[in-house]
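Residue numbers for the sequence shown follow our numbering, beginning at 481 and rising by one.
C-beta atoms are modelled at their ideal positions from N, C-alpha and C, and glycine is treated no differently.
Everything on this sheet refers to the single structure shown next.
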Amino acid sequence: MEFITYEQEGYVGIVTINRPKALNALNSQVLEELDATFKAIDLDATRAVILTGAGEKSFVAGADIGEMSTLTKAEGEAFGKKGNDVFRMIETFPIPVIAAVNGFALGGGCEISMSCDIRICSENAVFGQPEVGLGITPGFGGTQRLARLVGPGMAKQMIYTARNIKADEAYRIGLVNAVYPLEELMEAAKKMAAGIAMQAPIAVRNCKKAINDGLEADMDQAIVIEEKLFGDCFETEDQKAGMGNFLEKDKEKKLKVVPFQNK
Ligand code: DAK
């Protein structure tokens, strides 16, 4: 891999986009390497993933404008599909993905953060969808995910005006869950990931699926989706150990529920 690094820390995987000369912009190679990296993650040994960018200035400064500038209509569509496939794979990845946004998250950078389950950012983070200024629409799901996350009015304002917003505003509109000094961001992401990793993994996976699939359905269907995933947790070692320890009122044992089974 030239542009992606992967580290495993206990049950947590850390994926870093590492193309600092272009502020970690997404070209075809970065997208292909991201795809391969996520697909290689050992889901029996990993319970949460952190996605971040290398350096102190940029998470991802967008899709690669140099590469896009010469695309034909057909090539543009193919590039859009490549990005969309990778982003959708992250969005539907079986375990939670936390975006630790350490600087610019523009265009495709904002979009890839929105395909993650949770976003936290550093104080120097800047979010935006500047595409209309470049003569294109957001092409990696920005029109869809931003509207779902912050509501159509705010999303339309950001997208139509191509205005960038800083970390405090991203927090105020609910685009990020928390803002940290840059030097504390990764520790905060790791702490959150570890907090997820110590829960019952089947239950966490099923919660992700229930929320994602339920948001795409009407409430009658969504409730059925939840029922099925709730039922799916029963008879697992996790459920037996989790409830058994509670009923035994054994605090020590309760802490020992980890490791849960992972399938
Ligand atoms: N692509 C390529 N290179 C980039 C880049 C990008 N998005 N962003 C920065 N770089 C490169 C710069 O060209 C520069 O390279 P050198 O000149 O040193 O070789 C290096 O990174 C450092 O950047 P700057 O010198 O510009 O650094 P500054 O601190 O002055 O400015 C900046 C930082 C982030 C404000 C600025 O670099 C900037 O405005 N960057 C572009 C941000 C942007 O507009 N991003 C959105 C890209 S559009 C679609 C599929 C996908 C998309 C759309 C459609 N379909 C196919 C339908 C997605 C579109 C986008 O993401």
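query, result
"Starting from Ile703, trace the alpha helix (DSSP H) both ways and give me its first and last residue.", "Met699 to Cys713"
"In three-state DSSP terms, what is Ala528?", "strand"
"Evaluate Tyr491 with the Cβ neighbour count: other Cβ atoms within 10 Å of its Cβ, from every protein chain shown; 16 or more gives buried, anything less gives exposed.", "buried"
"Hey, would you say the C-beta of Ala585 is under 7 Å away from at least one heavy atom of the ligand DAK?", "no"
"Does DSSP put Leu523 in a helix, in a strand, or in coil?", "coil"
"Going along the chain, which residues of its own chain have a beta-carbon closer than 6 Å to the beta-carbon of Glu482, five neighbours each way excluded?", "none"
"For the alpha helix (DSSP H) holding Gly587, just list the boundary residues, first then last.", "From DSSP, Gly587 is part of no alpha helix (DSSP H); its letter is neither H nor E."
"Check whether the Cβ of Phe539 sits closer than 7 Å to any heavy atom of the ligand DAK, and report yes or no.", "no"
"Count the other CB atoms within 10 Å of the CB of Met548; is the residue buried (16 or more) or exposed (fewer)?", "buried"
"Relative to the C-alpha of Phe710, which residue among Asp698, Arg685, Ala697 and Glu728 is closest?", "Arg685"
"Could you check if Glu603 is buried or exposed, using at least 16 other CB atoms within 10 Å of its CB as the buried criterion?", "exposed"
"Going by DSSP, which residues form a beta bridge with Ser549?", "Bridge partners of Ser549: none, in fact."
"With 16 other CB atoms within 10 Å as the buried threshold, where does Glu555 fall?", "exposed"
"Tell me Phe607's beta-bridge partners as DSSP assigns them.", "Ala585 and Ile645"
"Check whether the Cβ of Gly446 sits closer than 7 Å to any heavy atom of the ligand DAK, and report yes or no.", "In this structure the chain extends from 481 to 743, so residue 446 is not present and cannot be described."
"Quick one: Cα of Ala635 to Cα of Lys720, how far?", "44 Å"
"Pro610: which of Gly589, Ser593, Leu511 and Gly694 sits nearest, CA to CA?", "Gly589"
"Quick check on Thr617: buried or exposed, where buried means 16 or more other Cβ atoms within 10 Å of its Cβ?", "exposed"
"Going by the C-beta, is Glu611 closer than 7 Å to any heavy atom of the ligand DAK?", "yes"
"Which first and last residues belong to the alpha helix (DSSP H) in which Val630 is found?", "Gly622 to Val630"
"In whole angstroms, give me the CA-to-CA distance for Ala525 and Tyr640.", "43 Å"
"Using the Cα positions of Asn692 and Asp698, report the straight-line distance between them to the nearest angstrom.", "12 Å"
"Under three-state DSSP, which class holds Tyr640?", "helix"
"How do the region 559-567 and the region 521-541 stand: do at least 3 beta-carbon pairs fall below 8 Å, yes or no?", "no"
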